[in-house]
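Everything below concerns the one structure shown next.
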Ligand SMILES: Cc1cc2nc3c(=O)[nH]c(=O)nc-3n(C[C@H](O)[C@H](O)[C@H](O)COP(=O)(O)OP(=O)(O)OC[C@H]3O[C@@H](n4cnc5c(N)ncnc54)[C@H](O)[C@@H]3O)c2cc1C
Ligand code: SF4
Ligand code: FES
Ligand code: FES
């Protein structure tokens, strides 16, 4: 993945992702309409994503995660397990952390959604983002946006103070690379800066 | 995920008006959406009940009322719950993760489905998912499965932590259908698998859980929930115990005991309660009473460790209770 082709890694991933999504939806749609079933009907939802009002028409089967990544191209939110088990897809809905892979977009009319893209203030990183850099709170980075969104909610909640309490509150975010010591240190730094 | 019709009823009456088969209520979705993706659950119609006014945590004549749509996080954080029924708050905080506790409702928690891997995999047989197809867990991977209340048809555990604590507290669920309202003791609400493991609870088609009622029990302010798992956090129970004790000086006057990770439904242990009553509040009494916890157990190939783990978990919970003033 080099820059010499004049295409960034994100663009390449974005493009190949779109191709894959198209290829995957065609046979799926055929399979779904084959048995006689009630038609789904599309659902109109108006949610506010990172401060922008975003009117959408969604298939009731679409998760918030898929809407963010594939329709709004907010690919900072990651799909790990897609089963509610890893926390990579963590975002905030109305200020509370949730897993977006188990949230149906159709239920979100009127909701306020914040993703990792909505955390920084202009070019200024959120203190947690800076703290993750300072403490090597990641290796491959796949879990990181979920970790940071989850940590932001933990800090706002204000109950976790000791390292053990931070670990307990963060247990819904798994890290395959085992960057946990750096993650805990980063959260502690951001917590102390805020207090 | 299969196609379904999506509706958002605005009132409870609307939600229960047409109890068509193949209808599922959607609360937090942490069980339902997961199982719909796996095509283990394939409702033709999904009713999003989140706008219904099934909320609130308040003291009523019958006890503490918790609206079915209250989230696990909010119930665990509520002052009345923490002060009067610490075991409830502890069971909730030992469940799932921070994200999931924000999403998951109390009603949905009681109705969550088993985590048996065969149940979750549509490519293999499972009597609970496809009645009559067989139970691969009996001869297969069964370390997490039940040693109490199992049948030849199904050996799956009920995974809820909350339900264990609620069953110890004699909670009831309030149900609403077109026909009206009825209360069912939680102890009778979940069914043993018997020959029909696909029937998990006493909920009629289209019936809605509206509230959970926890009767007053002053001495439950001294209660604990102890959960033993493969990792410290974010894991289902291998064994868990919800205990409350009323003491009369150094003697145990009454006790409430229920266990999780063991049974095919949340498991109350009246024999242990009886064995504790009238005994001195001391480790020897706890160990003796815990022997009754495993009356009638039927361990499977991979979970022969469970009966001993159960007894020790119970003793540990009773010892922890001693330390609470
Ligand atoms: C990764 C993971 C880990 C978990 N760990 C634990 C754990 O350690 N301990 C634990 O106890 N649980 C655990 N859970 C389970 C979790 O607690 C349940 O999924 C959750 O409580 C279900 O609530 P919900 O509101 O999301 O239900 P939903 O998914 O919305 O619904 C579940 C079922 O109940 C029905 N339903 C919901 N509300 C009502 C109602 N009011 N009336 C009638 N029917 C209704 C639905 O139709 C559906 O069949 C875990 C889940 C996940 C995904
Ligand atoms: S234990 Fe029950 S849920 Fe698991 S495979 Fe057997 S029948 Fe299915
Ligand atoms: S992708 Fe949502 S929890 Fe893993
Ligand atoms: S940094 Fe690689 S998964 Fe966490």
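Chains as they are written, first to last, in this note's numbering: chain A, 359 to 553; chain B, 796 to 1120. The C-beta atom is built at its ideal place from N, Cα and C for all residues, glycine as well. All of these numbers come straight from a predicted model, not from anything done at the bench.
Item, Value
"Contacting residues, own chain, Cβ-Cβ under 6 Å from residue 788 (chain B) (five flanking each side not counted)", "Coverage of chain B is limited to positions 796 through 1120, which leaves residue 788 (chain B) absent and any answer about it impossible."
"Residue from B:1112, B:850, B:1095 and B:918 with nearest C-alpha to residue 938 (chain B)", "B:1095"
"For residue 1021 (chain B), the residue or residues it bridges with in DSSP", "B:1036"
"Residues that residue 1098 (chain B) contacts on chain A, provided the C-beta gap is smaller than 8 Å", "Result: empty, since nearest Cβ-Cβ is about 22 Å, beyond 8 Å."
"Min CB distance residue 1020 (chain B) to chain A below 8 Å", "no"
"Selected residue, minimal CA-CA separation from residue 489 (chain A), among A:470, A:542 and A:450", "A:542"
"Test: residue 464 (chain A) CB closer than 8 Å to a CB of chain B", "yes"
"Assumed close pair residue 1000 (chain B), residue 814 (chain B) - CB separation to whole angstroms, cut-off 8 Å", "5 Å"
"Own chain partners of residue 817 (chain B) with C-beta closer than 7 Å, once the 5 adjacent residues on each side are dropped", "838, 839 and 840"
"Below 7 Å from a heavy atom of ligand 2 - residues by beta-carbon", "B:909, B:911, B:913, B:914, B:921, B:922, B:923, B:924, B:930, B:931, B:932, B:933, B:940, B:948, B:949, B:950, B:951, B:988 and B:992"
"Inter-stretch contact at 8 Å, needing at least 3 Cβ pairs: the stretch 447-464 of chain A / the stretch 503-511 of chain A", "yes"
"Reduced DSSP category for residue 844 (chain B) - H, G, I as helix; E, B as strand; rest coil", "coil"
"Check: residue 501 (chain A) C-beta below 7 Å from any heavy atom of ligand 3", "no"
"Assigned secondary structure, residue 433 (chain A) (DSSP; H/G/I helix, E/B strand, else coil)", "coil"
"Check: residue 964 (chain B) C-beta below 7 Å from any heavy atom of ligand 1", "no"
"Residue 414 (chain A) at chain B interface by Cβ criterion, 8 Å", "no"
"Reduced DSSP secondary structure (H/G/I, E/B, other) of residue 382 (chain A)", "Low confidence applies here, because residue 382 (chain A) scores a pLDDT of 35, under 50, leaving its location unreliable; read the following figure in that light. Residue 382 (chain A) falls in the helix class under three-state DSSP."
"Same chain, Cβ closer than 7 Å to residue 382 (chain A), five either side skipped, listed in chain order", "With a pLDDT of only 35 at residue 382 (chain A), under the threshold of 50, the placement of this residue in the model should not be trusted; the figure read from the coordinates follows. Closer than 7 Å at Cβ, skipping near neighbours: no residue."
"Cβ contact check for the stretch 885-900 of chain B and the stretch 851-869 of chain B: 3 or more pairs under 8 Å", "yes"
"Spatial distance of residue 1112 (chain B) from residue 1019 (chain B) (CA atoms)", "7 Å"
"Below-8 Å beta-carbon distance, residue 806 (chain B) vs any chain A residue", "no"
"Sheet register partners of residue 405 (chain A) (DSSP bridge)", "A:412"
"Interface flag, residue 971 (chain B) vs chain A, CB-CB below 8 Å", "no"
"Segment contact, 8 Å Cβ cut-off, at least three pairs: the stretch 528-546 of chain A with the stretch 492-506 of chain A", "yes"
"CA-to-CA distance, residue 484 (chain A) to residue 1046 (chain B), given in whole angstroms", "57 Å"
"Outcome for residue 548 (chain A) when other beta-carbon atoms lying within 10 angstroms are tallied against a minimum of 16", "buried"
"Heavy atom of ligand 1 within 7 Å of residue 827 (chain B) beta-carbon", "yes"
"7 Å CB neighbourhood of residue 1011 (chain B) in its chain, flanking five on each side removed", "858"
"Bridge partners - residue 854 (chain B), DSSP secondary structure assignment", "B:859"
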